[in-house]
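For the sequence shown, the positions run -5 to 491 when the numbering used here is used.
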Amino acid sequence: MDFELGREVIVQGFAAQPVVSGQRTRLYLCIRQAILDRRLESGTAMPPTRVLAAELGLGRNTVVRAYDQLLVEGYLESRVGSGTFVSEAVSSTPSPTRPRRLLGHRADGMSRRGNRIVSNAASSRLQTGAFMPGIPDVTDFPFATWRRLITKHMRHEQRHLAQYGYGGYGPLKAVLANYLKVTRMMSCSPSQVLILNGSHQALDLCARLLTDVGDTVWMEDPGYWGARNVLAATDLRIHPVPVDDSGLMPRESDWEFPPRMIFVSPSSQYPTGAVLSLERRLRLLEYAEKNNVWIVEDDYDNEIRYHSHPVASLFGLSTAQRVIYVGTFSKVMYPGLRLAYLVVPQDLVEAFTVGNAELYREGRMLEQAALAEFIDGGHFTTHLRRMRSIYESRRDRLRELLVSRLDGLVTPFGGAAGLHLPVRFELPLDDAKVAAEALRDGVVFCPLSMYSISEETRIRGMNLGFAAVPVEKIDAPALQLVRLVEAEARRRRTQGG
Ligand SMILES: Cc1ncc(COP(=O)(O)O)c(C=O)c1O
């Protein structure tokens, strides 16, 4: 019979096709794949539904519904009086090739920009465990309170909060404007606050709205690679500016060529922890005003400061409207919340509100509503106070252990704020090698060298995230690091380095 070939192909394909969501879908997928692979060529007669149903042990209706779907999608066509056939349209299109697999960090067919983004990537799939930097302890988060707030808002305002959230959730913006006034000495109206899905998105928005392709941005060196990669992805030219104990330290030659934008973490330089000195703050602000430079202030972990209040912001010191402030809830709530905020100068409010809605669309209104109440109701402050004390004891234990066991080989520095402790190697050890060895033993850290852009500024050592490791679980991985660093130092000495 003329449908014999089709029948054979389908029966074979059906047997090989896994059942994922019912027999109709199984049959549909197996026929569709056979057509796309040209095992069923255009014009092939399809077996009558009754015949196929009997052959495969399916209900006739199941086969009819699979055929109907393939007819609607154009894989099959029916000819009145003669039956159902594989569509002619399939033979006129080239046979689809299977997508190639990613080769390492590159893939064929990507743009130069895309390949650059992917090949520069430093994000780790491993986002937990001792001693991944920048990760808060989410096990201590007051989820019961959070759940209550989320449920309450779901119950009362579901429809409103389920919509696109043009301009963000008003009450959260008002709460934040007030919070920043009290804690960062910032004077801003709620309309100047924009809610975004994380600092990376906030930076991307700044770059897209304030710079053009090929403009220069100053980046701290060493500095946060995440910010660097986001800005480089918008085709900005990265100009590294060194950092010392007082933060960003432009050289005379740097000042000569004003960039379009300066990225800075003045309250706790990442990863060194340096606080930008007042003298440098004032000079930077004056320079930005004179040269029409935008300053993007990354204030990612200022709340977690162990022996003082948060450092007042650069935004609050500026009178010239050249600073854009970026804050995030990733460290102080939990990273998966993906809520951050920008505070923009009054003149940029309209453009940023429109640009944000246009590029990303806004949402997460339910979480924003719960967060506004979490802050307003005092839960945020209580949580912070509690976590600061927990984190401090973890930081102290890690520091004590490293100092006592690796005296002369490492020097911890920074650590006055935040979730990470940078530790410098006092010998020129290969920190990336130590990190790779540690990873094999299940211990994660970021080598300090990965934060540097230029060779002259490269610090070697370990950036250790202590916050998510309970104090009683610090010793074992820390002692593992001690052994690895000692071994590397021995190797270095025997090689005469
Ligand atoms: C310096 C710095 N800024 C900002 C962030 C936060 O980014 P996000 O708000 O996108 O989670 C991080 C996270 O690791 C960081 O290290």
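Heads up, the beta-carbon is just placed ideally off N, CA and C, and yes, glycines get one too. All values reported here derive from a predicted model rather than from experimental measurement.
Selected residue, minimal CA-CA separation from residue i, among the options
{"i": "R358", "options": "R26, R107, G162 and E67", "result": "G162"}
{"i": "A472", "options": "L400, S312, R44 and R379", "result": "L400"}
{"i": "E344", "options": "L203, P12 and V476", "result": "L203"}
{"i": "R380", "options": "E297, A156 and S240", "result": "E297"}
{"i": "A226", "options": "F323, R106, Q186 and W249", "result": "R106"}
{"i": "F309", "options": "L336, S302, R299 and Y300", "result": "L336"}
{"i": "V112", "options": "G220, S261 and Y300", "result": "G220"}
{"i": "R44", "options": "R59, D31 and G37", "result": "R59"}
{"i": "G68", "options": "F(-3), G75, V80 and V74", "result": "V80"}
{"i": "Q489", "options": "S443, P422 and K467", "result": "P422"}
{"i": "S307", "options": "V290, G217, H301 and Y300", "result": "V290"}
{"i": "R299", "options": "S261, Y281 and L278", "result": "S261"}
{"i": "S324", "options": "F135, T405, V211 and T87", "result": "F135"}
{"i": "M327", "options": "T133, N114, R110 and P234", "result": "T133"}
{"i": "V169", "options": "T122, D469 and G371", "result": "G371"}
{"i": "S117", "options": "V224, Q315, L276 and P184", "result": "V224"}
{"i": "S259", "options": "R222, R484, K175 and M104", "result": "R222"}
{"i": "R18", "options": "D(-4), R54, R231 and Q6", "result": "R54"}
{"i": "F460", "options": "A470, M243, T451 and S185", "result": "A470"}
{"i": "H377", "options": "Y281, V348, E246 and A138", "result": "A138"}
CA-to-CA distance, residue j to residue i, given in whole angstroms
{"i": "L413", "j": "P329", "result": "13 Å"}
{"i": "G267", "j": "H150", "result": "43 Å"}
{"i": "D198", "j": "T228", "result": "7 Å"}
{"i": "L64", "j": "A10", "result": "19 Å"}
{"i": "N191", "j": "R332", "result": "5 Å"}
{"i": "E49", "j": "V66", "result": "24 Å"}
{"i": "V57", "j": "L23", "result": "12 Å"}
{"i": "V438", "j": "G128", "result": "12 Å"}
{"i": "P441", "j": "V479", "result": "12 Å"}
{"i": "V317", "j": "V338", "result": "7 Å"}
{"i": "L143", "j": "P165", "result": "14 Å"}
{"i": "G217", "j": "I25", "result": "54 Å"}
{"i": "L34", "j": "A28", "result": "5 Å"}
{"i": "S193", "j": "T313", "result": "24 Å"}
{"i": "K284", "j": "L276", "result": "12 Å"}
{"i": "G75", "j": "E352", "result": "53 Å"}
{"i": "S508", "j": "A364", "result": "Residue numbering for the chain in the displayed model covers -5 to 491; residue 508 lies beyond these limits and cannot be assessed."}
{"i": "E82", "j": "S15", "result": "29 Å"}
{"i": "N213", "j": "P234", "result": "According to the sequence displayed, residue 213 carries Met and not Asn. Whole-angstrom Cα-Cα distance: 5 Å."}
Residue i beta carbon near ligand 3 (any heavy atom closer than 7 Å)
{"i": "G128", "result": "In terms of ligand content, the structure shown lacks ligand 3 and carries ligand 1 instead."}
C-beta contact flag for residue i and residue j at 8 Å
{"i": "L415", "j": "L458", "result": "yes"}
{"i": "P265", "j": "Y385", "result": "no"}
{"i": "D425", "j": "G455", "result": "yes"}
{"i": "Y319", "j": "D341", "result": "no"}
{"i": "Q263", "j": "V305", "result": "no"}
{"i": "A432", "j": "L475", "result": "yes"}
{"i": "M255", "j": "V207", "result": "no"}
{"i": "I468", "j": "R388", "result": "yes"}
{"i": "Y173", "j": "I447", "result": "no"}
{"i": "G0", "j": "P41", "result": "yes"}
{"i": "P130", "j": "A462", "result": "yes"}
{"i": "A196", "j": "S183", "result": "no"}
Outcome for residue i when other beta-carbon atoms lying within 10 angstroms are tallied against a minimum of 16
{"i": "K167", "result": "buried"}
{"i": "H154", "result": "exposed"}
{"i": "Y158", "result": "exposed"}
{"i": "V187", "result": "buried"}
{"i": "P12", "result": "exposed"}
{"i": "D215", "result": "buried"}
{"i": "I4", "result": "buried"}
{"i": "S85", "result": "exposed"}
{"i": "F251", "result": "exposed"}
{"i": "Y61", "result": "buried"}
{"i": "E482", "result": "buried"}
{"i": "G241", "result": "buried"}
{"i": "W140", "result": "buried"}
{"i": "D435", "result": "exposed"}
{"i": "N350", "result": "buried"}
{"i": "E273", "result": "exposed"}
{"i": "H147", "result": "buried"}
{"i": "L346", "result": "Going by the sequence as given, residue 346 is Phe instead of Leu. With 16 or more other Cβ atoms within 10 Å, it is buried."}
Any C-beta of chain C under 8 Å from that of residue i
{"i": "R486", "result": "The structure shown contains no chain C, having only a single protein chain."}
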